[in-house]
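The structure appears below as structure tokens.
Protein chains: 2
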Amino acid sequence: MNKILTYSTDFVIIITKFRKNKQKWVSFMARQISMAVIRRLPKYHRYLKDLLEKDVNRISSKELSKIIGFTASQIRQDLNNFGGFGQQGYGYNVEELHREISKILGLTEEYNTVIIGAGNLGQAIANYAGFKSSGFKIKALFDINPRMIGLRIRDLEILDIETIQEYIKENDVKIAVICTPKEKAQKIASDIVEVGIKGIWNFAPIDLELPEEVIVENVHLTESLFTLSYLLNEQKLKDEE
Amino acid sequence: MNKILTYSTDFVIIITKFRKNKQKWVSFMARQISMAVIRRLPKYHRYLKDLLEKDVNRISSKELSKIIGFTASQIRQDLNNFGGFGQQGYGYNVEELHREISKILGLTEEYNTVIIGAGNLGQAIANYAGFKSSGFKIKALFDINPRMIGLRIRDLEILDIETIQEYIKENDVKIAVICTPKEKAQKIASDIVEVGIKGIWNFAPIDLELPEEVIVENVHLTESLFTLSYLLNEQKLKDEE
DNA sequence: TAGATTGTTAATCGATTAACAATC
DNA sequence: TAGATTGTTAATCGATTAACAATC
Numbered sequence: 001m002n003k004i005l006t007y008s009t010d011f012v013i014i015i016t017k018f019r020k021n022k023q024k025w026v027s028f029m030a031r032q033i034s035m036a037v038i039r040r041l042p043k044y045h046r047y048l049k050d051l052l053e054k055d056v057n058r059i060s061s062k063e064l065s066k067i068i069g070f071t072a073s074q075i076r077q078d079l080n081n082f083g084g085f086g087q088q089g090y091g092y093n094v095e096e097l098h099r100e101i102s103k104i105l106g107l108t109e110e111y112n113t114v115i116i117g118a119g120n121l122g123q124a125i126a127n128y129a130g131f132k133s134s135g136f137k138i139k140a141l142f143d144i145n146p147r148m149i150g151l152r153i154r155d156l157e158i159l160d161i162e163t164i165q166e167y168i169k170e171n172d173v174k175i176a177v178i179c180t181p182k183e184k185a186q187k188i189a190s191d192i193v194e195v196g197i198k199g200i201w202n203f204a205p206i207d208l209e210l211p212e213e214v215i216v217e218n219v220h221l222t223e224s225l226f227t228l229s230y231l232l233n234e235q236k237l238k239d240e241e
Numbered sequence: 001m002n003k004i005l006t007y008s009t010d011f012v013i014i015i016t017k018f019r020k021n022k023q024k025w026v027s028f029m030a031r032q033i034s035m036a037v038i039r040r041l042p043k044y045h046r047y048l049k050d051l052l053e054k055d056v057n058r059i060s061s062k063e064l065s066k067i068i069g070f071t072a073s074q075i076r077q078d079l080n081n082f083g084g085f086g087q088q089g090y091g092y093n094v095e096e097l098h099r100e101i102s103k104i105l106g107l108t109e110e111y112n113t114v115i116i117g118a119g120n121l122g123q124a125i126a127n128y129a130g131f132k133s134s135g136f137k138i139k140a141l142f143d144i145n146p147r148m149i150g151l152r153i154r155d156l157e158i159l160d161i162e163t164i165q166e167y168i169k170e171n172d173v174k175i176a177v178i179c180t181p182k183e184k185a186q187k188i189a190s191d192i193v194e195v196g197i198k199g200i201w202n203f204a205p206i207d208l209e210l211p212e213e214v215i216v217e218n219v220h221l222t223e224s225l226f227t228l229s230y231l232l233n234e235q236k237l238k239d240e241e
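One line per chain: the protein sequences are A and B, in this order. Each step along the first sequence adds one to the number in the numbering used here, with nothing skipped, and position 191 is 191. Each step along the second sequence adds one to the number in the numbering used here, with nothing skipped, and position 225 is 225.
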């Protein structure tokens, strides 16, 4: 009897905590969302934004299927992982759905961010417009090359890599973009995680070894290029038949 | 009887054609290799190169599993899609396997390549070292901005986008890297495919609509960044529990 | 109301993992 | 030879697709 009382008290606490926030509730229930679904979310976000800009205000899974290329069934399954955003007989409200997916993607959260490596790629990313629709705020670049230190990319200063740990602590930086050569990447990653970095957007061609609670998203350009190479070769063999 | 004769003649021709090239034979048999497998190949290639550089000359699927993070079973399955590269009781010869995967990836094929869009990203890619281990030969950059036309990035000239169709035809260009704003990407892609482009490495945040025989490999940076954002948010909710 | 379309369960398909005979 | 490890078949797991009752 005592046990049942305890359980139901816990249950009331949980229900109260999440009543006003369905997304948190769903996350708490934590039927782990598969990476396959997660990686489709940004694409939904992009297509919904396009629709918004065309002043479309409602869309059915069937219509969306036609433009985005997933099956209608998959679209409904995907969205239902996060809540019932649609309405029978009507479909989905484009603006609402876009807003909800923004929230699910965490685009409303802000993160102080630094770019490590101020070479061509680091500079390209510093100027990258894609950041503006996210909560990542670029604060500075870091480089090892004395000739670069002190220079500015737009309104961002290039700082000495030697000072990065201090900077991260003092400026509450949570995210880093790694654009260094692969030889430097692991050491730097370990160093910055030590002082509070929670997530890394990694462009170095290496698989970083870090504590599992640190989120690493890789952009392995070589792997993408080699995949292109494979597919070209395959197509070529097909043509020769 | 006639039919059987015909069949067996065909068979002899096929066998003869492919006797010396197992990879072509396997491709011809065309049990379609899944994208999941294809996208793992560059990672095998990278880890095998690392092993080569460390003068390791043999490795078992079990050992490789430990460093690359796929199961030993998956490694053996993956490799066997392309041929029996291993030896019972011994494992795989690192140098041979690396060479074979290079061939499978088509890294030995050469492709004249152009970069379209000479902004930060286009320049970063023009300077990108990852190309050197592939067969993609960058010949020129193209831009719409008159102030950029005529400038040089390393030893590459920036040419007028207006002249691109002509250039592609005259220089036997087969591959293009698209680094333009998304508004320009579709039009340019259609234009260049018209004059012989076979493959596109697309950095514009749009899904290009092109004939199905054209190979498109997308690098959608925003989608990668938004995935990072999602995972950070998820981790945050976990921490708050 | 009738038609449309969702949310959700069940069926199918494909990819990963396990197991083991073959063999170096 | 005995031990190790592959290549490959079978079992499992997970993701996608189909179907349909609920309901706007």
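Ideal Cβ positions, reconstructed from N, Cα and C, are used throughout, including at glycine.
Are there 16 or more other CB atoms within 10 angstroms of the CB of residue i, so buried, or fewer, so exposed?
i, result
"residue 83 (chain B)", "exposed"
"residue 36 (chain A)", "exposed"
"residue 90 (chain B)", "exposed"
"residue 108 (chain A)", "exposed"
"residue 67 (chain B)", "exposed"
"residue 180 (chain B)", "buried"
"residue 145 (chain B)", "exposed"
"residue 73 (chain B)", "exposed"
"residue 71 (chain B)", "exposed"
"residue 17 (chain B)", "Legend: pLDDT at residue 17 (chain B) = 41, less than 50; position of this residue unreliable, value from coordinates given subsequently. Exposed is the call here."
"residue 229 (chain A)", "buried"
"residue 224 (chain B)", "buried"
"residue 150 (chain B)", "exposed"
"residue 199 (chain A)", "buried"
Let me make sure I understand the geometry here. Which of the options has the alpha-carbon closest to that of residue i?
i, options, result
"residue 101 (chain B)", "B:39, B:237 and B:154", "B:39"
"residue 49 (chain B)", "A:205, A:185 and A:211", "A:205"
"residue 134 (chain B)", "A:234, A:226 and A:240", "A:226"
"residue 154 (chain A)", "A:128, A:171, A:177 and A:62", "A:128"
"residue 94 (chain B)", "B:201, B:57 and B:103", "B:57"
"residue 237 (chain B)", "A:92, A:184, A:151 and A:106", "A:106"
"residue 218 (chain B)", "B:234, B:201 and B:231", "B:201"
"residue 110 (chain B)", "B:148, B:132 and B:126", "B:132"
"residue 96 (chain B)", "B:240, B:184 and B:52", "B:52"
"residue 98 (chain A)", "A:34, A:64 and A:112", "A:64"
"residue 156 (chain B)", "B:208, B:114 and B:147", "B:114"
"residue 126 (chain B)", "B:88, B:75 and B:178", "B:178"
Taking just the CA atoms, how far does residue j sit from residue i?
i, j, result
"residue 140 (chain B)", "residue 158 (chain B)", "6 Å"
"residue 186 (chain B)", "residue 164 (chain A)", "41 Å"
"residue 103 (chain A)", "residue 211 (chain B)", "36 Å"
"residue 188 (chain A)", "residue 197 (chain A)", "11 Å"
"residue 62 (chain B)", "residue 215 (chain B)", "34 Å"
"residue 174 (chain A)", "residue 221 (chain B)", "20 Å"
"residue 27 (chain A)", "residue 136 (chain A)", "For residue 27 (chain A), the predicted structure reports a pLDDT of 45, less than 50, and the residue's modelled location is therefore unreliable. A value from the coordinates is still provided. Roughly 22 Å between the two C-alpha positions."
"residue 86 (chain A)", "residue 162 (chain A)", "52 Å"
"residue 231 (chain B)", "residue 60 (chain B)", "34 Å"
"residue 170 (chain B)", "residue 192 (chain A)", "50 Å"
"residue 143 (chain A)", "residue 116 (chain A)", "6 Å"
"residue 33 (chain B)", "residue 203 (chain A)", "27 Å"
"residue 213 (chain A)", "residue 168 (chain A)", "18 Å"
"residue 184 (chain A)", "residue 195 (chain B)", "42 Å"
"residue 147 (chain B)", "residue 182 (chain B)", "21 Å"
"residue 239 (chain B)", "residue 138 (chain A)", "24 Å"
"residue 166 (chain B)", "residue 112 (chain A)", "46 Å"
"residue 207 (chain B)", "residue 234 (chain B)", "28 Å"
"residue 88 (chain A)", "residue 75 (chain A)", "15 Å"
So, helix, strand or coil for residue i, using DSSP?
i, result
"residue 58 (chain B)", "strand"
"residue 160 (chain A)", "strand"
"residue 152 (chain B)", "strand"
"residue 72 (chain A)", "helix"
"residue 138 (chain B)", "strand"
"residue 94 (chain B)", "helix"
"residue 118 (chain B)", "coil"
"residue 230 (chain A)", "helix"
"residue 37 (chain A)", "helix"
"residue 108 (chain B)", "coil"
"residue 127 (chain B)", "coil"
"residue 145 (chain A)", "coil"
"residue 166 (chain B)", "helix"
"residue 171 (chain B)", "coil"
"residue 81 (chain A)", "coil"
Worksheet entry | Touch test, the stretch 115 to 124 of chain B against the stretch 113 to 125 of chain A, Cβ-Cβ under 8 Å, three pairs minimum | yes
Worksheet item: Counting Cβ pairs, one atom from each stretch, are 3 or more of them under 8 Å apart for the stretch 70 to 79 of chain A and the stretch 34 to 51 of chain A?
Response: yes
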